[in-house]
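Here's the structure, in structure tokens; my notes come after.
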Amino acid sequence: MEDLELIDELVLAKQFNIEQEKKEKLLLNIILPQLERNRENVNIEAMYTKLGIDISSIKTLEQVPYIPVNMFKCFELRICKKEQVVRVLQSSATTTGIPSKIYLDKKTSIRQSQGLISTLSSFLGNKRRTMLIIDNADSNKKGDSITARGAAIRGISTFASKTFYVMDKEKEGLNLNIDKLCEFEKKYKDEEILVYGFTYIVWSKFLKVLKQQEIKLNIPKLKLLHSGGWKKLISQKVEKKVFSETAAQIFNTSASNVIDFYGMVEQAGVVFIDCQYGHKHVPNFAEVIIRDIQTLQEVKFGEEGLIEVMSILGTSYPSQAILTEDIGEYIGIDDCPCGRRGKYFRFKSRVEKAEIRGCGDTFAEREVGI
Amino acid sequence: MINCYEINGEFNKNGIKFENFNEIETCLNKNFAKLHEFPVQVIILIINEYSKRIAINREILRIEGVPYLSFYLKKINIEKQLKLNLGNIEYLNRFVQVEDEKYIKAQPKGVVCHWMAGNVPTLGIYSVLQSILCKNANILRVSKESVSAVYELLRLLDNIEVEYEGNTYSSKIILKNISLIYFNSEDKYFNSQMSLKADARIVWGSKMAVDAISLLPKKTTCKDLIFGPKYSFAVFDKSAIESNDFEEYLENLVTDIIAFSQKGCSSPQVLFIEKSKLRIEQIAQMLCIKFEKITKRYTNLNLEEAIAAKVINKRGEYLLSVDKAAYISNGLKYTILIDSEIKLEEAITGRTIFIKEVEDILEVCPLITKNIQTVGIASKNSDRILEFAERVTTFGVDRVVKIGYMNFYDSPWDGCLIMSELVRWCSINIKGMI
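Written as structure tokens, this is what we have:
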């Protein structure tokens, strides 16, 4: 049985204040019964059997069997009953064309929202503010299924007293409505406001457009949160520093008010926000293991590897351990100067998908019949 | 810029920068005639000495594929290869009478340009020395990853002297007919310029690479030898599985998988096993033990991120599927994937092998395409091997070799007797004239 009280305690209480050793024990106690429950899914059961997993003998979080993130594109990894699903989260499907499907029951959905709020509170405080969303309202429309963008907007909107969408949806995609933006600036320029957008959209459809048209805003007290879409920006050679400085110039604010956060639709509710020292911290209800790309064991401090994100939030899908295709650098434990406890790391890049090609780089069946 | 690491018999570790091929071409033209004067026996003797030097150089022997290269370059083998390719090695020295007052000579093509793939550094040496045996001048363009290995290998060819029929010959003349270069593979200008110098183009590489080079401008007389991407697999029949040598065959399969990071055109990607008294799961478990044993010798896995991601995803797919099986190492040392679909799987590489059970090894015949290069076979029945080879080579396979030998370079390769393509067959026909 799950320890519901403990989960609630870890999710709702103040974050980043449990020391690593204690946290590992707490999480393990919650995760092990969740793994037992995961066996209800035939695919998970098949995996545990093939790997010879004996849940009772798992002694560390590193030993918890992980699921590669792409598997949510290939299998229906649902733990709850079909009728209990209240929402299906879908990834943006940029690489493969097939979106991940994450099945949420009511409990998971609520916990994810609570987890997000708990985490963001540590960085934004609890005060609700006016929020400018660099997107179109359609991204967050009500329905059974929701995209990663929609999920992020919905989550952050809980910190909003009012929301304003500043992009118009047109045939060729999103277009910035400059009149709307100027009106917003006029009204809220002296207030503390929140701005959120998908990183790629903020850069290509907002900052670039304003820069081209030589428009500068004056909203110095904002916090601009952005997430996702780095892959496209890296291919355009836009680095984080350039992004933050450009945004700061456009809004007439400090670059420290531009905050990048790392998260994924498969682990909604778990976000990693840069502290003032540029480190990403792990909330109390989640964990990160940076695994060496050859040995798949946890790397040492200062080393890089694949980021595995663990979470206790999910009861409707196996969220306990998901191995991403992102590369992170493991920085330390419990001792970040910002005072936050637990592990901290840096996001480095997406896994490099281009490989060295050789004379064996072919697939026999491609040319059948030739 | 073109970075030239060896020209006119002189080595430069950092590379001399050239803006065009003029100097390279001048040097090669200057030295071409001297190589032409070498009896082919001299070239064979120099290569034989070269092979000995390689064999005693511990450092160089660590480069993947070099121990076999040293074996391949021995006199006895080179003579065998030349005979197989040309029939008579004297064709390379003089006009040989083939009929009454009809004579044939194998003259060099001229300048042979080699574009080498990055995954097998020794391939550059095989390619260029075959061309040298045919007395051609060579521009050897290698990949960035291979520059240092090919450079070190070529250096060993320097300062070899051999005696033949009372005369002394130096390997310097051979080196003066090779220019080792690198330039960015995407540089269309340099690729085009190199292509235009070629009397023969030898291209080894991926589809993208060979397609791009095939489209470059060239002389109308230029001969192309294109070794594009190929796919290989292995088959074990019942007689092999139930024999006392089965474990050895499995070990040999593992060495074939591990070599060249499983990225060679001759690297096995799938193993088809004939139904036998051993269950497929038992065979997979035995293969795990062999992997564990052999990978202790090859600890440097050094997987690229992209390959690691592919292996992790494939493992996930096979572990989560209810009708598939996976036998995997701790970490990414090896991955064995089992399913019942009789097909060739997209190469994952990174020591990933798919195993599929068939009633009869001939069931693989419908899977054969012209893209299949090598089938590694384990069988105790030579009639069966011949029947199998007859069938699969009809459909497209180029080589059927015993397991453990899949990656050993041999002639013919990719269905081609390379040296016979690197000469111009010239004739004198004066019957009844004198």
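First to last, the sequence lines map onto chains C and A.
Going by our numbering, the letters in the first sequence line up with residues 3 to 372, in that order.
Going by our numbering, the letters in the second sequence line up with residues 4 to 437, in that order.
Note that the Cβ used here is the ideal one computed from N, Cα and C, for glycine as well.
Assumed close pair A/Ile358, A/Ile286 - CB separation to whole angstroms, cut-off 8 angstroms: 7 angstroms
Quick test of the definition: if touching needs 3 or more C-beta pairs under 8 angstroms, does the region 267–275 of chain A touch the region 354–371 of chain A? yes
Quick one: which unbroken alpha helix (DSSP H) runs of 4-plus residues sit fully inside the region 159–232 of chain C? Chain order, please. 180–190, 210–214
Going by beta carbon distance, what residues of the same chain come within less than 7 angstroms of C/Lys234, once the five residues before and after it are set aside? Tyr202
Run through DSSP, which three-state label would C/Thr51 get? Correct three-state label for C/Thr51: helix.
Going by C-alpha distance, which of A/Asn374, A/Lys405, A/Lys77 is nearest A/Thr397? A/Asn374
Under the three-state reduction of DSSP, which class applies to C/Asp262: helix, strand or coil? strand
Are the region 76–96 of chain A and the region 388–403 of chain A in contact at 8 angstroms, needing three or more beta carbon pairs? no
Pull up the CB-CB distance for A/Leu438 and A/Tyr234, whole angstroms please, since I reckon it's below 8 angstroms. Here chain A has residues from 4 to 437 only, and residue 438 of chain A is not among them.
Who are the near neighbours of A/Ile351 in its chain, counting only those whose CB is closer than 7 angstroms to its CB and skipping five residues on each side? Lys313, Val314, Lys317
So is C/Lys84 buried or exposed if we call it buried at 16+ other beta carbons inside 10 Å? When all chains shown are included, C/Lys84 counts as exposed.
Can you say whether A/Gly319 is buried or exposed, counting buried as having 16 or more other CB atoms within 10 angstroms of its CB? buried
Beta-carbon within less than 7 angstroms of C/Ser120's beta-carbon, same chain only, minus the 5 sequence neighbours each way: which residues are those? Val13, Leu14, Gln17, Pro285
Taking the alpha-carbon of A/Ser382 as reference, which of A/Lys405, A/Glu362, A/Gln376 has the nearest alpha-carbon? If we check each option's Cα against that of A/Ser382, A/Lys405 comes out closest.
Anticipated Cβ contact below 8 angstroms, C/Phe349 with C/Val290, distance rounded: Rounded, the Cβ-Cβ distance is 10 angstroms, inconsistent with contact.
If you pair each beta-carbon of the region 305–323 of chain C with each one of the region 110–130 of chain C, do three or more pairs fall below 8 angstroms? yes
Grab me the residues of A/Val99's own chain with a C-beta within less than 8 angstroms of its C-beta, minus the 5 sequence neighbours each way, in chain order. Asn91, Glu93, Tyr106, Ile107, Lys108
For A/Met422, name the three-state secondary structure that DSSP assigns. helix
Give the straight-line distance between the Cα atoms of A/Ala120 and C/Thr51, rounded to the nearest whole angstrom. 42 angstroms
Label C/Ala366 either buried or exposed according to how many other C-beta atoms from any shown protein chain fall within 10 Å of its C-beta, with 16 as the threshold for buried. Confidence at C/Ala366 is low in this model, with a pLDDT of 48, below 50, so the placement of that residue is unreliable and no value is reported for it.
The ligand SAM heavy atom lying under 7 angstroms from the CB of A/Lys20: The model on display carries no ligand, and the ligand SAM is accordingly not part of it.
Given this structure, state the Cα-to-Cα distance separating A/Asp417 from A/Glu307, to the nearest angstrom. 27 angstroms
Output the distance between the C-alpha atoms of C/Lys61 and C/Glu23, rounded to the nearest integer angstrom. 13 angstroms
Span of the alpha helix (DSSP H) holding C/Val13? 6–14
Given 8 angstroms, three or more beta-carbon pairs between the region 169–187 of chain C and the region 291–298 of chain C: no
Answer with yes or no whether the minimum CB distance from A/Gly319 to chain C is below 8 angstroms. yes
Assess, as a yes-or-no matter, whether the region 154–169 of chain C is touched by the region 190–209 of chain C under the definition of 3 or more beta carbon pairs within less than 8 angstroms. yes
Please give me, in chain order, every unbroken run of the beta strand (DSSP E) with length at least 3 that falls completely inside the region 172–204 of chain A. 181–185
If we ignore side chains and look at the alpha-carbon of each, how far apart do A/Val257 and A/Tyr71 end up? Going from the Cα of A/Val257 to the Cα of A/Tyr71 covers about 17 angstroms.
Helix, strand or coil at A/Phe39 [DSSP, three-state]: Here residue 39 of chain A turns out to be His, not Phe, going by the sequence shown. Residue state, collapsed to three classes: helix.
Which of helix, strand or coil DSSP assigns to A/Tyr129: helix
Would you mind reading off the limits of the beta strand (DSSP E) that contains C/Ser313? Unbroken beta strand (DSSP E) run through C/Ser313: 306–313.
Would you say C/Lys182 lies against chain A (beta-carbon separation less than 8 angstroms)? no
Can you name the residues of chain C whose CB is closer than 9 angstroms to the CB of A/Gly334? Asp294, Gln296, Thr297, Leu298, Gln299
Considering only residues of the same chain and omitting the five flanking positions on each side of A/Leu132, which have a CB-CB separation below 8 angstroms? Ile50, Leu76
Let's test the definition: count the other Cβ atoms within 10 Å of the Cβ of C/Phe303 and tell me whether it reaches 16, buried, or not, exposed. exposed
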